[in-house]
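Okay, so here's the structure we're looking at.
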Amino acid sequence: MLFDVAVGAVCERSGCGKTVPAPEPGKRGRRPKWCSTACKSKAARDKLKADAVRSGEGARPEVLRCAEAAVDAVHAFLDAVDDDPVAAYEEFYKAHASLAARASEAAEDVRDEIRWPGLSVQERELRRAEETLMRPDVLARVAPDVLAEQPAPGVSDRSENPASAAALAAAAFSDRSEKAAVPAGTSAPVITDRSEYRAPARVPAPAATPEQRAQAFEALRRAACTNPSIRFGEPDRLDDLSPTLGEGWLAASWDDPQAEDVHQLLHRGQPIGWTAPLPDGPWGPAGHLAAAYQGEQAAAILTDSASGARTHRTVGDALDALQRAHATRLSAAQAAAGGPRLALKRPTGWTVPSDRGLGIPTRYALANGLIHLIWPDHPGVQELQRDDRAVGWIEEYDAGRGTWTALIDSSIVADAASGEPLLCPGANAALALLRRALGEQLTRW
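Okay, here's the thing in structure tokens:
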């Protein structure tokens, strides 16, 4: 292909930088690349050397091959991006990620070939693994008593002075409380050959007392029963559940490692509840609890009606339980709006929750001067007060079925026609029934 020779072009040999001689006026032909014949010969020799290195074996040629492949991927992306930008970027992203990983591994091999020239490939891999495990920032995440209980790992031959892994872990662990940063370029002390290695004395950790186990269980329960939006902030992602639960249902989750298997259920943007994992404990077998919101701060743990356990086998089961409970509350609220006439049964003799010595409750202000009292450690009862006087309360009637009842003056709110107590599917429905009953002049059955 013939075209006008460019004026002022620079020689393409690496390191030259001279200008290509200007062409004769009106001359047409191939664009020259070199400033002189000698420069062209040098460029040809350099290319032969580079090709010989690239075609060789070992880590160094692999680094060069990855670099060339990365350049080819860039050119392929630029050629295809105008036609289909999304597909072109996807192909470039896949190729770039693979080449970056290969180049990093090859660069590590080159580094270790120079650091440890007398070791075989497998010996270098072992040395690299031990170096990683002995990094101070890795050991800082392991408590010394936990490390002391583990069997001593096998070590390869080393040429430097040994250091006790347990002592290093103890130093790293103590430094963690001060947030001491590890200086860049430093490495952990290494271990000599097996004959010189002395494993640290294994000090058995003291057995946990019943009080410590109870405290551990309580810490797990409180963490799982705490609103995840308070623990982890705003969710990092939302997953559409419309194919399984119907339109408007979403599941929120977080990237925080402590939020693994923690999901929040939302319906049309409104949080309904959340699920969090729990191991075996006083609450039942290991599984996932389902916590349904009751107001802005309170929540109730849903009980599995089949087994009576307060945990569910999977995240899906817990989310299904939350969805069913919400649907039941909606239907109960709709029924309460046009439900039966209300009456009061004969007094039961039950005392007002605030007189039972349940501790200090959490208080929330409602409309019409009502104060909503909730006891975090006694989720089975809630109370309404006005002017510091109890006007009624709701109480769990059947924990296995999840039904609640409303009471005024120690009398259960009932159907005025049949006299049967009105049982509500959940605390929210019972609270709505109680507030309706407080607004009516009720007779006794």
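Under my numbering, think of the first position of the sequence shown as 1496, with each following residue one higher.
Cβ coordinates follow ideal geometry from the N, Cα and C atoms, glycine included.
None of the values given here were measured: they were computed from a predicted structure.
(request) Could you tell me the distance, in whole angstroms, from the CA atom of ALA1786 to the CA atom of VAL1576? (result) Taking the sequence shown and counting its residues from 1, one reaches residue 1786 at position 291. Taking the sequence shown and counting its residues from 1, one reaches residue 1576 at position 81. Going by the C-alpha atoms only, they are around 48 Å apart.
(request) Return yes when the Cβ of GLY1897 is within less than 8 Å of the Cβ of PRO1920, no when it is not. (result) For the purposes of this step, residue 1920 is identified with residue 425 of the sequence shown, where counting begins at 1. For the purposes of this step, residue 1897 is identified with residue 402 of the sequence shown, where counting begins at 1. Yes, they are a contact pair.
(message) Just verifying my parser: in three-state terms, what is the DSSP assignment at ILE1855?
(response) Translated into the one-based positions of the sequence shown, residue 1855 becomes position 360. In this structure, ILE1855 counts as coil in the three-state DSSP scheme.
(request) In angstroms with no decimal places, state the Cα-to-Cα distance between GLN1818 and HIS1762. (result) Sequence index remark: in the sequence shown, residue 1818 carries index 323 (1-based). Sequence index remark: in the sequence shown, residue 1762 carries index 267 (1-based). Answer to the nearest angstrom: the Cα atoms are 9 Å apart.
(message) Taking 8 Å as the threshold (C-beta atoms), are HIS1873 and LEU1853 in contact?
(response) Locating residue 1853 in the sequence shown gives position 358, counting from the first residue. Locating residue 1873 in the sequence shown gives position 378, counting from the first residue. Yes; because the gap between Cβ atoms is below 8 Å, this pair is in contact.
(request) Look up LEU1715 in the DSSP assignment and say whether it is helix, strand or coil. (result) The residue given as residue 1715 occupies position 220 in the sequence shown. DSSP places LEU1715 in helix when its eight states are reduced to three.
(message) Would GLU1557 and ALA1601 qualify as a contact pair, given that the criterion is a beta-carbon distance under 8 Å?
(response) Walking along the sequence shown from the start, residue 1557 turns up at place 62. Walking along the sequence shown from the start, residue 1601 turns up at place 106. Result yes, Cβ atoms of GLU1557 and ALA1601 sit closer than 8 Å.
(request) Could you check the C-alpha separation between LEU1736 and ALA1747 for me, to the nearest Å? (result) Reading the sequence shown from its first residue, position 241 is the one you call residue 1736. Reading the sequence shown from its first residue, position 252 is the one you call residue 1747. Each residue's alpha carbon lies about 10 Å from the other.
(request) Please go through the same chain and pick out, in chain order, the residues whose beta-carbon is closer than 8 Å to the beta-carbon of ARG1841, but skip the five residues on each side of it. (result) Here residue 1841 corresponds to residue number 346 of the sequence shown, with the count starting at 1. Taken in chain order, the residues that qualify are SER1906, ARG1939 and TRP1940.
(request) Scan the region 1745 to 1819 and note each continuous beta strand (DSSP E) run of 3 residues or more that stays entirely inside, going in chain order. (result) 1758 to 1762, 1765 to 1773, 1782 to 1789 and 1793 to 1796
(request) For the alpha helix (DSSP H) containing SER1737, list its first residue and its last residue. (result) Looking up residue 1737 in the sequence shown gives position 242. Start and end: 1737 to 1740.
(message) Rounded to the nearest angstrom, what separates VAL1581 and ALA1564 at their Cα positions?
(response) Position 86 of the sequence shown, counted from the first residue, corresponds to residue 1581. Position 69 of the sequence shown, counted from the first residue, corresponds to residue 1564. VAL1581 and ALA1564: Cα-Cα distance of roughly 21 Å.
(request) Can you tell me which of PRO1772, ARG1930 and LEU1937 puts its alpha carbon nearest to the alpha carbon of ALA1912? (result) For this step, residue 1912 is matched to residue 417 along the sequence shown. Answer by Cα proximity: LEU1937.
(request) Report the three-state DSSP secondary structure of VAL1486 (helix, strand or coil). (result) Coverage of the chain is limited to positions 1496 through 1940, which leaves residue 1486 absent and any answer about it impossible.
(message) When you compare the CB of ASP1882 with every CB in chain C, is at least one pair closer than 8 Å?
(response) Protein chain content of the structure displayed is limited to a single chain, and chain C is not contained in it.
(request) Pull up the DSSP beta-bridge partners for GLN1880, would you. (result) The sequence position of residue 1880 within the sequence shown is 385, counting from 1. Answer by DSSP bridge pairing, in chain order: ILE1866 and ALA1885.
(request) May I ask you to list the residues that DSSP assigns as paired with VAL1616? (result) One-based indexing of the sequence shown puts residue 1616 at position 121. None; VAL1616 has no bridge partner.
(message) Between the alpha carbons of LEU1928 and ALA1901, how many angstroms are there, rounded?
(response) Reading the sequence shown from its first residue, position 433 is the one you call residue 1928. Reading the sequence shown from its first residue, position 406 is the one you call residue 1901. Roughly 7 Å between the two C-alpha positions.
(request) Compare the beta carbon distance of GLY1741 and GLY1803 with 8 Å and say whether it is the shorter of the two. (result) Walking along the sequence shown from the start, residue 1741 turns up at place 246. Walking along the sequence shown from the start, residue 1803 turns up at place 308. No, the pair does not count as a contact, with Cβ atoms beyond the cut-off.
(request) Mind checking which residues open and close the alpha helix (DSSP H) that includes ALA1924? (result) To locate residue 1924, count along the sequence shown from 1; it is residue 429. Residues 1922 to 1933.
(message) Within 10 Å of its beta-carbon, does ASN1923 have 16 or more other beta-carbons around it, so buried, or fewer, so exposed?
(response) One-based indexing of the sequence shown puts residue 1923 at position 428. Classification of ASN1923: buried, given that the 10 Å Cβ count is 16 or more.
(request) Would you mind working out which of GLY1776, THR1806 and HIS1758 sits nearest THR1770, comparing C-alpha positions? (result) As a position in the sequence shown, residue 1770 is number 275, starting the count at 1. The shortest C-alpha separation from THR1770 is found at HIS1758.
(request) Can you tell me the Cβ-Cβ gap for ALA1793 and ILE1869, rounded? I've got them flagged as a contact below 8 Å. (result) Looking up residue 1793 in the sequence shown gives position 298. Looking up residue 1869 in the sequence shown gives position 374. Yes, ALA1793 and ILE1869 are in contact; Cβ-Cβ is about 5 Å, under 8 Å.
(request) Report the option in VAL1616, TRP1845, ARG1851 and ARG1881 whose CA atom is closest to the CA atom of TYR1859. (result) Here residue 1859 refers to the residue found at position 364 when the sequence shown is read from its first residue. Taking only the C-alpha atoms, the option nearest TYR1859 is ARG1881.
(message) Measuring alpha carbon to alpha carbon, tell me which residue in GLY1887, ASP1751, ALA1571 and VAL1810 is nearest ALA1781.
(response) As a working mapping, residue 1781 is identified with position 286 in the sequence shown. Ranking the options by Cα distance to ALA1781, first place goes to VAL1810.
(request) Return the CA-CA distance between CYS1506 and THR1514, expressed in angstroms with no decimal places. (result) As a first step, residue 1506 is located in the sequence shown; it is residue number 11 there, counting from the start. As a first step, residue 1514 is located in the sequence shown; it is residue number 19 there, counting from the start. Using only the alpha carbons, I get a separation of about 6 Å.
(message) Under DSSP, the alpha helix (DSSP H) around SER1724 begins and ends at which residues?
(response) Within the sequence shown, residue 1724 is the residue found at index 229, counting from 1. That run of the alpha helix (DSSP H) goes 1723 to 1727.
(request) Take PRO1777 and list the residues in its own chain whose beta-carbon comes closer than 7 Å to its own, dropping the five residues that flank it on each side. (result) Working through the sequence shown from its first residue, we reach residue 1777 at position 282. Taken in chain order, the residues that qualify are PHE1712.
(request) Give me whichever residues DSSP pairs with ASP1893 in a beta bridge. (result) Here residue 1893 corresponds to residue number 398 of the sequence shown, with the count starting at 1. THR1898, per the DSSP bridge assignment.
(message) I'd like to check one pair, LEU1614 with ARG1623: are the Cβ atoms closer than 8 Å?
(response) Residue mapping note: residue 1623 aligns to position 128 of the sequence shown, counting from 1. Residue mapping note: residue 1614 aligns to position 119 of the sequence shown, counting from 1. No, the pair does not count as a contact, with Cβ atoms beyond the cut-off.
(request) Can you check DSSP and say which residues form a bridge with LEU1825? (result) One-based indexing of the sequence shown puts residue 1825 at position 330. None; LEU1825 has no bridge partner.
(request) For my contact list, PRO1848 and GLU1878 are in at a C-beta cut-off of 8 Å; report their separation, rounded to the angstrom. (result) For the purposes of this step, residue 1848 is taken as residue 353 along the sequence shown, with counting starting at 1. For the purposes of this step, residue 1878 is taken as residue 383 along the sequence shown, with counting starting at 1. Contact holds; Cβ gap of about 5 Å.
(message) Considering just the uninterrupted stretch of the beta strand (DSSP E) at LEU1839, what are its terminal residues?
(response) By 1-based counting over the sequence shown, the position of residue 1839 is 344. Taken as a continuous stretch (DSSP letters only), the beta strand (DSSP E) holding LEU1839 covers 1837 to 1839.
(message) Could you pull the DSSP bridge partners for ARG1939 from this structure?
(response) Counted from its first residue, the sequence shown places residue 1939 at position 444. BP columns for ARG1939 point to LEU1839.
(request) With DSSP collapsed to three states, give me the class of SER1906. (result) Within the sequence shown, the letter at position 411 stands for residue 1906. It is a strand residue.
(request) Identify which residue in ALA1554, ALA1795 and ARG1560 has its Cα closest to the Cα of GLY1875. (result) Along the sequence shown, one-based indexing puts residue 1875 at 380. The shortest C-alpha separation from GLY1875 is found at ALA1795.
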